[in-house]
Amino acid sequence: MDQARERIKSCISALPPLKSVKVYAEIKEEVVEEPTKPKERCFSLSVVELSWNETTSSSSESEEDDVFENSKGDTLDNSHSVSGTIVNLTEDTITGPENQETISTSSDLSISYECLDNEWDLLEAEKEALWVLHKRIKKQKTNVVKSRSAFESKIVEICQLQAELKGRIKERVEMKLKIKTCKEAIEKLKSDKQEAKRITENLHQTKEKAETELVEAQAKYDLLRVDEDKYSDRFEHYGKKVKASVEERTTLYRNIDSLNMQLVDLEVADDETGIKHLDASDPLQRIESEYAFYPNVDNCTPENIGNAENPKKCVEAMENFTMIIRANIHRFKHLPMGPLFKCLKIQRKRFSHLIEHVLRPYLFTFLVDNIVDGLVMEELIAKHFEGTGNGGSVDSHGVVRPKYFVYDFNTQYQIGSRISLAMELDLENLFDAVHFDDVVWGMFLSQKIQIEKIIFMENESLGFMLMSNLKRNPEECNLVYTLDGFTIDPFPCFRTKRIQLYPYTVYLECFPDPKIEQVRTKIKQEQIKIGNLDAEIYIHRQIQMEVAEELDKIRSEMSKLHVEATKYHKEKKDAEAQLKKGISAANEQKVLKLLRTSLEQIKEGIMLSKLMKNFRSWK
Numbered sequence: 002m003d004q005a006r007e008r009i010k011s012c013i014s015a016l017p018p019l020k021s022v023k024v025y026a027e028i029k030e031e032v033v034e035e036p037t038k039p040k041e042r043c044f045s046l047s048v049v050e051l052s053w054n055e056t057t058s059s060s061s062e063s064e065e066d067d068v069f070e071n072s073k074g075d076t077l078d079n080s081h082s083v084s085g086t087i088v089n090l091t092e093d094t095i096t097g098p099e100n101q102e103t104i105s106t107s108s109d110l111s112i113s114y115e116c117l118d119n120e121w122d123l124l125e126a127e128k129e130a131l132w133v134l135h136k137r138i139k140k141q142k143t144n145v146v147k148s149r150s151a152f153e154s155k156i157v158e159i160c161q162l163q164a165e166l167k168g169r170i171k172e173r174v175e176m177k178l179k180i181k182t183c184k185e186a187i188e189k190l191k192s193d194k195q196e197a198k199r200i201t202e203n204l205h206q207t208k209e210k211a212e213t214e215l216v217e218a219q220a221k222y223d224l225l226r227v228d229e230d231k232y233s234d235r236f237e238h239y240g241k242k243v244k245a246s247v248e249e250r251t252t253l254y255r256n257i258d259s260l261n262m263q264l265v266d267l268e269v270a271d272d273e274t275g276i277k278h279l280d281a282s283d284p285l286q287r288i289e290s291e292y293a294f295y296p297n298v299d300n301c302t303p304e305n306i307g308n309a310e311n312p313k314k315c316v317e318a319m320e321n322f323t324m325i326i327r328a329n330i331h332r333f334k335h336l337p338m339g340p341l342f343k344c345l346k347i348q349r350k351r352f353s354h355l356i357e358h359v360l361r362p363y364l365f366t367f368l369v370d371n372i373v374d375g376l377v378m379e380e381l382i383a384k385h386f387e388g389t390g391n392g393g394s395v396d397s398h399g400v401v402r403p404k405y406f407v408y409d410f411n412t413q414y415q416i417g418s419r420i421s422l423a424m425e426l427d428l429e430n431l432f433d434a435v436h437f438d439d440v441v442w443g444m445f446l447s448q449k450i451q452i453e454k455i456i457f458m459e460n461e462s463l464g465f466m467l468m469s470n471l472k473r474n475p476e477e478c479n480l481v482y483t484l485d486g487f488t489i490d491p492f493p494c495f496r497t498k499r500i501q502l503y504p505y506t507v508y509l510e511c512f513p514d515p516k517i518e519q520v521r522t523k524i525k526q527e528q529i530k531i532g533n534l535d536a537e538i539y540i541h542r543q544i545q546m547e548v549a550e551e552l553d554k555i556r557s558e559m560s561k562l563h564v565e566a567t568k569y570h571k572e573k574k575d576a577e578a579q580l581k582k583g584i585s586a587a588n589e590q591k592v593l594k595l596l597r598t599s600l601e602q603i604k605e606g607i608m609l610s611k612l613m614k615n616f617r618s619w620k
């Protein structure tokens, strides 16, 4: 029975047609994020409609009333639930599969019937309560229908507000973007203002720095200008010195040219033979010149004029032999003298080839003081030279074999025993024409060939006139040599003979003419002066180049300073112009406009926030 009662109660609890009524509206706030925009808040209104589980038709209401009316006098078997629900529930309760075993038992039917009577009474009481509840529910249903119509109108208003709210939200989003733009502009303006302030400070610093640098550059420029003037004066000074030295050098070169012309004239006058002096070391030139100089001599041919003797080798051989003698000086009592061509010099070049012709047999002669020294000399000559005998022969190499003579080095020469022909007849003999290193050579040659009596004359005609006349013939003259190649014997053996002469000296050296020496000395002095002037010009030009380099450096520095000063002056002017200009009026108007726009947008934002607050309070 308890189970049946519980089932009936559960059925009765399921009878009310109105199961649930829910009306609600809520505003959800969503956050919309975009990658390039800041977070924005949007509001949306969600309205959930009502839901009913009720029968709305009039037939269902009448059926419910009939159920409650008919159920008063009917039995349990003929009873029907409202819209068949109660009857079905009762039948299900009694005949349900869960209670079949309990009811089917016959022994329990009597007990169940009595219990059912009691239950019936209870059900009748509950039925009355259900009727009252039904009337109440019907009244509430009517109220709900009225509320629903009113609520639907409110929903329409809410939808309109929702649309308006969405528009406002969109406007607010746009307003926020504008505010953001305005804030960015204001921040940029602030930063620009700070930047302008910083730039102004920098401009002041730049101006001060430019003024300082300009003053320093001007001071440096003035100093460099002074240095430039100083170096320019030095450059001009040394330039004048170089110019004067060059002019003086040119004058000296002219003097040297004039002196060279004088020297040529003097040399031509000194060498009246007019024969060109050739290189004695070249046999071919020597032979050709000799052959050309004596075209009428029968025995003068290229084959027999000095073709066997080599002067260069002879001179070298004599020098080497002199060194050998000095190396063996311990074997001699007195140092030998010689060779002759190294021990004399010709006074005048005019008769040099005649003197060498006369002295040719003795040019390679050595003098020794005694016989013992002569033996040592003979031994050395035999050891180092080819041939036999006491010299004069020429070996296969073109070297003349030297010879030696024993002559007492202590022999005294009486100067008063000879009268100079130069003082008597204005003639020149061989003894006066040469200068010996030692008087022993003069005494030796006087004894051998009587050099005091050998006279030199200009030509054959003058010699013939002198030697053919007994009254004019000097006693001291034994032989005359002429420059044109003749020998003349004096009266009474008066005769002339053509001789073979070399056109120049090969072994003997000549003293230069004093006038020639003076001219040469002057030329050397002039050349020394020119050398000094060249050195002076070189030094002055070096100094001038150094001064020019310094001038170039100074001028380059001056140009750099000028450029820097121009730059600093321009920077100063630009800084002053920018400081005077400041912030333009257009920028100020722009700032004011941005501020006003931002204020209006802020006001709109405040109004929108108030509207949202009122909407939430109304809800």
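Every number in the numbering used here is 1 more than the matching position in the sequence shown, counting from 1.
Glycine included, each C-beta is placed from N, C-alpha and C at the ideal position.
Note that the structure is predicted; figures quoted are calculated from it, not measured.
The alpha helix (DSSP H) enclosing residue i, as first and last residue numbers
| i | result |
| --- | --- |
| I326 | P312 to A328 |
| L360 | S353 to L360 |
Simplified DSSP state of residue i, which is helix, strand or coil
| i | result |
| --- | --- |
| L201 | It is worth fixing the name first, because residue 201 is Thr in this sequence and not Leu. Note: T201 maps to helix in three-state DSSP. |
| I170 | helix |
| N119 | helix |
| F1 | Absent from the structure is residue 1, since the part of the chain shown begins at 2 and ends at 620. |
| V395 | strand |
| L260 | helix |
| T389 | coil |
| Y232 | helix |
| V269 | helix |
| Q161 | helix |
| L131 | helix |
| Y114 | helix |
| Q451 | coil |
| L562 | helix |
| P504 | coil |
| E41 | Because the pLDDT of E41 is 42, which lies under 50, any placement of that residue in the model is unreliable, and the number read from its coordinates should be weighed accordingly. It is a strand residue. |
| N144 | helix |
| V400 | coil |
| N411 | coil |
| A586 | Here the model assigns A586 a pLDDT of 42, short of 50, so the residue's position is not dependable and the matter cannot be decided. |
Residue range of the unbroken beta strand (DSSP E) whose run includes residue i
| i | result |
| --- | --- |
| H331 | Here H331 belongs to no beta strand (DSSP E), and DSSP marks it neither H nor E. |
| F465 | Note, F465: premise wrong, no beta strand (DSSP E); alpha helix (DSSP H) at E461 to M468. |
| K384 | It is not in any beta strand (DSSP E) - K384 instead sits in the alpha helix (DSSP H) that spans I372 to H385. |
| L345 | L345 to I347 |
Per DSSP, the bridge partner or partners of residue i
| i | result |
| --- | --- |
| D490 | R496 |
| K405 | Sequence inspection shows Tyr at residue 405; the Lys mentioned does not correspond to that position. Answer by DSSP bridge pairing, in chain order: F367. |
| F457 | E429 and Y482 |
| E510 | K346 |
| M338 | L368 |
Closer than 6 Å: residue i CB and nearest the ligand COA heavy atom
| i | result |
| --- | --- |
| L364 | Among the components modelled here there is no ligand, and therefore nothing to report on the ligand COA. |
Can you find at least 3 beta carbon pairs, one from the segment 168–175 and one from the segment 534–545, that sit closer than 8 Å? When C-beta atoms of the segment 168–175 are compared with those of the segment 534–545, fewer than three pairs fall below 8 Å, so the two segments do not count as touching.
Pair every Cβ in the segment 478–497 with every Cβ in the segment 325–344, then say whether three or more of these pairs are closer than 8 Å. The segment 478–497, when compared against the segment 325–344, does not touch it at the 8 Å Cβ threshold.
Touching by the beta-carbon criterion (3+ pairs, under 8 Å), the segment 560–568 and the segment 209–225: Cβ pair count under 8 Å is three or more, so yes.
Assess contact between the segment 451–467 and the segment 369–388, defined as three or more Cβ pairs (one per stretch) separated by less than 8 Å. Is contact present? Not touching, per the Cβ criterion.
At a cut of 8 Å, does the segment 227–239 reach the segment 503–520 through at least three beta carbon pairs? Too few Cβ pairs lie closer than 8 Å, so no.
Between the segment 483–490 and the segment 313–327, are three or more C-beta pairs nearer than 8 Å? Not touching, per the Cβ criterion.
Assess, as a yes-or-no matter, whether the segment 545–561 is touched by the segment 202–215 under the definition of 3 or more beta carbon pairs within less than 8 Å. With the cut-off at 8 Å, the segment 202–215 and the segment 545–561 do not touch.
On the three-pair Cβ rule with 8 Å, is the segment 381–392 touching the segment 341–355? Look at the beta carbons and you see the segment 381–392 not touching the segment 341–355: under three pairs across the two are nearer than 8 Å.
Would you say the segment 518–533 touches the segment 444–458, given that touching needs at least three Cβ pairs under 8 Å? The segment 518–533, when compared against the segment 444–458, does not touch it at the 8 Å Cβ threshold.
Contact between the segment 568–582 and the segment 238–247 is defined here as three or more beta-carbon pairs at a separation below 8 Å; is this criterion met? Using a C-beta cut-off of 8 Å, the segment 568–582 makes no contact with the segment 238–247, since fewer than three inter-stretch Cβ pairs fall below that distance.
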